[in-house]
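Just add 28 to the spot in the sequence shown (first one is 1) and you have the working numbering.
Notes follow once the structure below has been shown.
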Amino acid sequence: MKSVLLFSVALAGLALNLAGCANVKPWQRGTLADYTMRSDRDPLGDGFSDHIYFTREAASGGRGVGGGGCGCN
29 MKSVLLFSVA
39 LAGLALNLAG
49 CANVKPWQRG
59 TLADYTMRSD
69 RDPLGDGFSD
79 HIYFTREAAS
89 GGRGVGGGGC
99 GCN
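The structure is reproduced here in structure tokens:
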């Protein structure tokens with residue numbers, strides 16, 4: 029009984045994953061290729077986020093910046 033339930037849940041999960049896949053039509057690619065869809069569209073904001081992340085990480089010491097993880101340059 030337990031294996032039938034587990035199989036049913038796995039099959040339902042697989043069906044949901046496959047239902048989420050879709051082909052992008054040629055006329056829809058312009059929307060997806062828009063500048064606002066890029067993850068690196070704001071280099072200044074990315075720099076601030078990197079500085080905050082690597083300052084709090086403290087083990088890495090920053091990205092390309094000398095010093096420790098204290099945040100001072």
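Cβ coordinates follow ideal geometry from the N, Cα and C atoms, glycine included.
Everything numeric in this text was worked out from a predicted model, so none of it was measured.
| said: V52 and L46 - do their beta-carbons sit closer together than 8 Å? | reply: By one-based count along the sequence shown, residue 46 stands at place 18. By one-based count along the sequence shown, residue 52 stands at place 24. Between L46 and V52, the CB-CB gap reaches or exceeds 8 Å.
| When the Cα atoms are used, what is the spatial distance from F82 to F76? | In the sequence shown, residue 82 corresponds to position 54, counting from 1. In the sequence shown, residue 76 corresponds to position 48, counting from 1. Roughly 10 Å separates the two Cα atoms.
| request: Please state if the CB of D74 and the CB of D68 are separated by a distance shorter than 8 Å. | output: The residue labelled residue 68 in the question sits at position 40 within the sequence shown. The residue labelled residue 74 in the question sits at position 46 within the sequence shown. At a Cβ-Cβ threshold of 8 Å, D68 and D74 count as neighbours.
| Counting along the chain, where does the alpha helix (DSSP H) carrying A47 start and finish? | As a position in the sequence shown, residue 47 is number 19, starting the count at 1. Membership of A47 in the alpha helix (DSSP H) is indicated by the continuous run K30 to A47.
| field | Inter-residue Cα distance where the pair is L72 and T64 | value | Numbered from its first residue, the sequence shown carries residue 72 at position 44. Numbered from its first residue, the sequence shown carries residue 64 at position 36. Computed Cα separation, rounded: 15 Å.
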